[in-house]
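The sequence shown begins at 2 in the working numbering and counts up one residue at a time. C-beta atoms are modelled at their ideal positions from N, C-alpha and C, and glycine is treated no differently. No experiment lies behind these values; they were computed from the predicted model shown.
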Amino acid sequence: MTGIRCTALDHCSVLITDVEKARRFYRTVLGLPEIPKPKTFDFVALWFDLGAGQTLHLLQKPQPDTRSPRHFALRVADVNAARAHCRSLGIEIQETGPIPHCDRFFVHDPDGNRIELIQWIEPYDPAASGAAPLAAANPYNIGCPSRRTRSSP
């Protein structure tokens, strides 16, 4: 197979309005180490190290987004300890529907960004736990209106 081969999530960017509130939440509640943003960035951004070369970027904007199902997920070593930690800090926890072989819950940061904390008990096995087999991919027509199919002039 040719083309793009994604190997890992590199980073995720979310929007914040209050830098210090966000910094406290991501450092204190989630325990993420803050790292310096690139010196070439002339805008307000906080960067956090997620390990394995992955980072989380918080970008400041004047108004927060409304709540939505958009989210990013952080894998944790002990989801029950994470749940207890959040509760001890008064963080509202949102439980959600099950996924086979994992335990997870959601929290929101001070700007309403939705964060999933997840622990896989066993690795995800699409063959055993997937909803249905996926249709074969058509590399020439992926559903984007601006893309031409192979038979297009």
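Inter-residue CB distance, residue i and residue j (contact presumed, cutoff 8 Å)
| i | j | result |
| --- | --- | --- |
| Ile-119 | Ala-74 | 5 Å |
| Ile-116 | His-102 | That belief does not hold up - the Cβ atoms of Ile-116 and His-102 are roughly 21 Å apart, past 8 Å. |
| Asp-11 | Gln-55 | 6 Å |
| Thr-29 | Gln-61 | That belief does not hold up - the Cβ atoms of Thr-29 and Gln-61 are roughly 19 Å apart, past 8 Å. |
| Leu-51 | Leu-33 | 7 Å |
Classification of residue i by the beta-carbon crowding that lies within 10 angstroms, buried from 16 upward
| i | result |
| --- | --- |
| Ala-23 | buried |
| Val-20 | exposed |
| Met-2 | With a pLDDT of only 48 at Met-2, under the threshold of 50, the placement of this residue in the model should not be trusted; the figure read from the coordinates follows. Exposed. |
| Ile-36 | exposed |
| Ile-100 | exposed |
| Asp-112 | buried |
| Phe-49 | buried |
| Phe-26 | buried |
| Leu-31 | buried |
| Leu-90 | exposed |
Own chain partners of residue i with C-beta closer than 8 Å, once the 5 adjacent residues on each side are dropped
| i | result |
| --- | --- |
| His-72 | Phe-107, Asn-114, Arg-115, Ile-116 and Glu-117 |
| Ile-94 | Arg-84, Cys-87, Arg-88, Phe-106, Phe-107 and Val-108 |
| Gly-131 | none |
| Val-77 | Ala-83, Leu-118, Ile-119 and Gln-120 |
| Pro-63 | Thr-18 |
| Phe-44 | Leu-60 and Gln-61 |
is_contact[residue i, chain B] using C-beta, thresh 9 Å
| i | result |
| --- | --- |
| Asp-79 | Absence of chain B from the displayed structure is noted, only one protein chain being present. |
Cβ shell of residue i (< 7 Å), same chain only, five flanking positions each side left out
| i | result |
| --- | --- |
| Ser-14 | His-58 and Leu-60 |
Proximal residues to residue i (C-beta, below 6 Å), its chain only, five neighbours per side dropped
| i | result |
| --- | --- |
| Lys-38 | Ala-46 and Trp-48 |
Discussion item. Which complete beta strand (DSSP E) runs does the stretch 30–97 hold, if anything under 3 residues is left out?
Written reply: 46–52, 55–61 and 72–76
Discussion item. Between the stretch 71–86 and the stretch 101–118, can you find at least three pairs of beta-carbon atoms closer than 8 Å?
Written reply: yes
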